[in-house]
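For reference, each letter of the sequence shown is one residue, going -28 to -1, 1 to 1088 in mature numbering (1 follows the signal peptide of the UniProt record, and there is no 0).
We treat Cβ as the ideally placed atom computed from N, Cα and C, and that holds for glycine.
Written out below as structure tokens is the structure these notes cover.
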Amino acid sequence: MSFAGSLSAVGLLVSLLLFWCATRPSLALECPTGSPCHCYASDINEYRIHCVPPDDDDDDNVNNKRIVVRPSLDMVIGPGAYLRLQCRAGNSTRWSDQLRQVRFEIGPVAKIIWSACPMPGPDEIKRVVQALGVRDVEQLNLENLKGELSPEDLAAFPGLRHLILSNNDLSRYEVKLDLLRGVPNLRILELRNTRIDPPSGFFLKSPQLRALELGKNELRSVKPGLFAGLRRVELLNLWSNELEHLEPSAFRGLGHTLHTLDIQQNLLVTLPSDLFAELAELEVLSMGGNRFSYLPAGLFSANQRLKVLKMPNNRANLTELPRRLLADLPGLTSVVLSRSKIHRLPADLFRASRNLSDVNLDKNFLTGLPAGLLEDQSELRSFSAVFNDLKEIPDGLFARTRKLTKLNLSMNRLTAINELSLRGLESLQELNLESNQLEHIHLDAFADLVELRVARLANNRLSLATGLSDHFGSISPLRPCAQLEQLYLANNNVSEIYADWTLYMAKLRKLDLSDNLFSSLMTTDLQFVSSQLDVDLRHNRIAFVNLDQLELLSANLDQLQQQQRRLSIKLGHNPVQCDCSLYPLLRHVSGESTPQARAYVSFDLDEARCYGPDYATGRLLSSFEASSFKCLVDVEYDKENEQEENEEDEKDEEGEDDYEACGPTGPCDCWLRPADRALLLDCSERNLTEAPPRLANHGQADCVELDLSHNSLERAPRFEQAGYERLCALDLADNDISEFEQTMPAPNLKALNLRGNNLTSIDPATLRVLGSSAQLKRLGLDDNPWSCDCQSHELLLFVQQRASDVLDLANVQCANSSNGTSLASLTVQQLCPSLGAGVPRWLAWLCSCVGVLGFVLGCSLALYYCYQREIQIWLYSMNLCMGLVSEEEIDKDKLYDAFVSYSHADEDFVLNELVAKLESGPQPYRLCIHVRDWHAGEWIVEQIERSVQESCRTIIVLTRNFVESEWGRLEFQTAHKLALSEKMRLRLVIVLMEDVGPIEALDEDLRAYLKSNTYVKWGDPWFWQKLRYALPHHRAGRTSRGGAGGGGTANNAGGGSKAEHSGEDVVDEMLTTTTTTTTTTTKSNGGTNFISRAIDKQLDAVRILMMDEVRKDNNL
């Protein structure tokens, strides 16, 4: 170890030694040799002394075999803090003899606890104090006092300031009148539960007394002059006695220093009107728990400094308080009158007491509140009248209580909240109206409650319906409460989530809607702008949960929003119908939805069970696996879809128009497995002799799995039958099928089970059909009586080529062999020795090439037929085969020329300038404006997507307001994604109205778009020409979507000939060509000279036309 290390170790040891010395008891006590005491230090910074006196008769006690318990003295000393003396085993005063030969120097102690030790007597007490060596004692606590207490006993502690005699029965001894004469500096005297009845003048020797505790002493009266001389007392407790009456002079002599008086829990029926007349400094008065039936007027008129009045738990009917009982008290801040059996309050009860901040009227029998009760209470902060019989809130009751922050009127009989019931509560933060009979809240009842944080409205009959709605949905009376954080509406009649809760309450953290009338939960109910919210929907009537739009709703969440958002929905104890609409919820809770959707909302399904259909009743929702979940199909819906898609086929099938395999009389059960969009037709074990002539369709299914196993079919269904082309699995096991012939493939067929039938062979045409099914991966052929002869040549080749797809291949055996030979194990020669060598190789190659070419051509035509519109869009976007496609052809089904996206703050410019000019003029456009063309009540996200898809262009009016708008960002992203999906940049038109700041600060998609694309800037001399060019171009003679005439020719203001064109049109045409050429040049890997010359020529033409326009303007 180095020298430095050794030095550090020594320093550490020294520090520990110093710390031990500083924390060990500083008092050094040594018991004298030969003394009966044993001294030792404890582990908690205390010293302990145990003294046991010797017994002179020990030998006799041993001889007589008697057990003698000798008295002992235990002392616990906390240096400088306390000394506890405790006598044990006996009431003899001999304990003090143990200190005759001992002298300790304990020093100053603040408190002595004297427990179970009889007072040694007037002469002995001073010697005991000297033997202990204590001084500066300020507090003496006599516990379990034994024997009479004399003035000399107390005089041994002249500096005593706090004397505790509580819980000693002083009635057994004579209490001397001058008991306190030896402690003139006494400040606090505690005589609680001593059964003392002090005589008049008892406290004359304690002029410095500040606090006097006389509670729980069974006092029946206060003797005249009892408190004489106590001119400095600040606190007097007379609680829990048996006082039935107080004389007007009961508190005479207390002077003007008394601040707190407690007379509660007595038997007082009334009080003299001038009882408190001399207590001018009284601030806190507790008088509850008595039997007041009447209080005189003017009882507190002299107590101008009274701050707190507590009168709870009155044990008699105090029907009505006198007028102005608590009026004209400028210092009054708190009044507690709970459980006082009050029936009526005068309107002027608090008149002119303008500093009142807290009123508690809980649990009385009040049937109403006077309208002027709080007329002067502008400083009121809290008002509570819980558990009364209030039937209404008077209009204007709180009109002047603009600082009130907490209002509790729960457990009354209120039936309605009127328009003016809560008027004036501008600072209210917590409102409790729970457990009333509320049925209606006026639309403007909460108009002033803009600072409300907590609203408790549970256990009422509220639906909160107002009949009003905006673009986002229905509006509740809570619309003004944008700062709301907690909303409790349990056990009401609410049946919908209102738009103001979702879109305006950004700080909402708790929404309790349990025990209401919700019957469904949709994606649109989850559009909460609050990022941290718990929603309780337990114990409702929610039967249907449909979240099929959840992923679309959450698609725009960025990474930061995903981390910050926490929306939790509790759905337990609802009668959920576990039908097909439940799948998105199961997929979500299984973690199979998108990360954005999982971050957007989470669901608590604790004790959520299925209440239907019958096949799922009683199952916990948490027990379902999304991948295997299946549900019975709505038969009527299936039939409707089938009739729409196969109307012509059904007309040709006579006698089968009403057939429905899954119908009420049908033999099969139809299930939907949403995970892979498969329709499952369970027709197994139904004693069927023939397969269904056609298969139903379902809008959510892409393929059909048909189970016809364990029936009596003799003929297999054919794939060309209606609906069979959608087959993805067909189970025909364990039937009596002897022929399986197919002429038309089922393109989606993945599994075919033919085991357990009477098949001896399959014709070559059918084998070719099966061979062309590329998706067929599971084929069951075993347990059939296969004939192994020359006619099975094609079957052998098929089985050998698809050996990996045939299930249980070894059991596909020949019926005409005695040893059960496997078909796959045979060769062609073994199967048919007479079979020739085959066709020439060149012919086989030729046939193969022709077959492949035909297959490719057929697939190409089929793809073009199915995806004609998508192919046209792609050709147009790639500038290929323009003779086959045009922009107008692509957009022929569009309803609008353009959808205008803008911030609400820019609405005046957009409507009066931009829209007005574009919808008029020679070529008017049909524009989609949300304030005019959107439908109220529909989901905003759906309306944005529909507006973008139904418009040829999307015009983004880019301003600072637009950049700050969440809805504007959503509209841009929707249009941008559509343009990217169609690979047509021109579908998005940016109109830059002003400087929007640094581009790097913009949204990621918008920033990327502005960097890589041009835009139209307001103030550009060619603004309108460029903007009209960017919008759709209509051919000559074709009217625009706006309905006004417009063609390829210009609107000649001077009435010129038809052959003449305005400079604007020519420039527009040149710019069109120039833009197209420039785009083509940009996309090419190396532009040719021909393209460069075309660009130069057209730019020259533009310059010439612009010069002509300038000359015309100069001539004019």
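Output needed for residue i: all residues of its chain with C-beta closer than 8 Å, excluding positions within five of it in sequence on either side, in chain order.
i	result
Val800	His765, Leu768, Leu769 and Leu807
Leu369	Leu341, Ala343, Leu345, Leu346 and Ser393
Arg649	Gln672, Ala673, Asp674 and Cys675
On the premise that residue j lies in contact with residue i, defined as a C-beta separation below 8 Å, what is that separation, rounded to the nearest angstrom?
i	j	result
Glu402	Val422	Contact flag wrong, Cβ pair sits at about 14 Å.
Pro171	Leu149	6 Å
Cys59	Cys11	The pair is not a contact, with the Cβ atoms about 18 Å apart (cut-off 8 Å).
Leu251	Phe223	6 Å
Leu680	Asp703	6 Å
Leu1003	Asp863	About 11 Å separates the two Cβ atoms, so there is no contact after all.
Gly173	Leu202	Contact doesn't hold; Cβ gap of about 11 Å is too wide.
Ser265	Thr242	7 Å
Ser138	Thr166	6 Å
Lys378	Ser354	4 Å
Assuming residue i is part of the beta strand (DSSP E), what are its boundary residues?
i	result
Tyr460	Gln458 to Tyr460
Trp990	Counting along the chain, Trp990 falls outside any beta strand (DSSP E), and DSSP gives it neither H nor E.
Leu281	Val280 to Lys282
Ser44	Ser44 to Gly50
Thr232	Thr232 to Asp234
Val963	Leu960 to Leu964
Leu702	Leu699 to Asp703
Could you name the residues of the same chain whose beta carbon sits closer than 6 Å to that of residue i, not counting the 5 residues immediately before and after it, in chain order?
i	result
Val280	Val256 and Ser306
Asn332	Val308, Ser310 and Ser356
Leu207	Ala183 and Thr232
For residue i, count the other beta carbons within 10 Å of its own beta carbon; 16 or more makes it buried, fewer makes it exposed. Which is it?
i	result
Trp473	buried
Val308	buried
Glu614	Note that Glu614 has pLDDT 45, beneath the 50 cutoff, so the model's placement of it is unreliable and no number is given.
Phe995	exposed
Met91	buried
Phe827	exposed
Met716	exposed
Gln747	exposed
Tyr874	buried
Arg1013	Residue confidence is low: Arg1013 scores 45 on pLDDT, short of 50, so the model does not pin down where it sits. No coordinate-derived value is stated.
Ile235	buried
Leu104	buried
Glu162	buried
Glu597	exposed
Asn884	exposed
Ala694	buried
Ala324	exposed
Cys831	exposed
Arg750	exposed
By Cβ distance below 7 Å, which residues in the same chain neighbour residue i in space, the five residues on each side in sequence not counted?
i	result
Thr438	Leu415, Ile447, Ser448 and Pro449
Arg390	Here the sequence assigns Asn to residue 390, which means Arg is not the residue at that position. Cβ within range, chain order: Asp367, His414 and Ala417.
Pro689	Ala663 and Tyr696
Ala744	The sequence given here has Ser at residue 744, not Ala. Once the five neighbours on either side are set aside, the close Cβ partners of Ser744 are Pro717.
First and last residue of the alpha helix (DSSP H) that includes residue i?
i	result
Asn336	Unbroken run through Asn336: none, as it is neither H nor E.
Tyr555	Tyr555 to Val561
Asn113	It is not in any alpha helix (DSSP H) - Asn113 instead sits in the beta strand (DSSP E) that spans Gln111 to Glu115.
Leu104	Glu96 to Leu104
Tyr572	Pro567 to Tyr572
Val507	Taken as a continuous stretch (DSSP letters only), Val507 belongs to no alpha helix (DSSP H), being part of the beta strand (DSSP E) at Gln504 to Asp508.
Val771	His765 to Gln773
Trp758	Note, Trp758: premise wrong, no alpha helix (DSSP H); not H, not E.
Pairing CB atoms from the segment 555 to 563 with CB atoms from the segment 649 to 665, are three or more of them under 8 Å? no
Three-pair Cβ contact test at 8 Å for the segment 529 to 539 versus the segment 577 to 588: no
Do the segment 967 to 985 and the segment 897 to 917 make contact, defined as three or more Cβ pairs closer than 8 Å? no
Would you be able to state if there are at least three C-beta pairs under 8 Å between the segment 453 to 468 and the segment 432 to 441? yes
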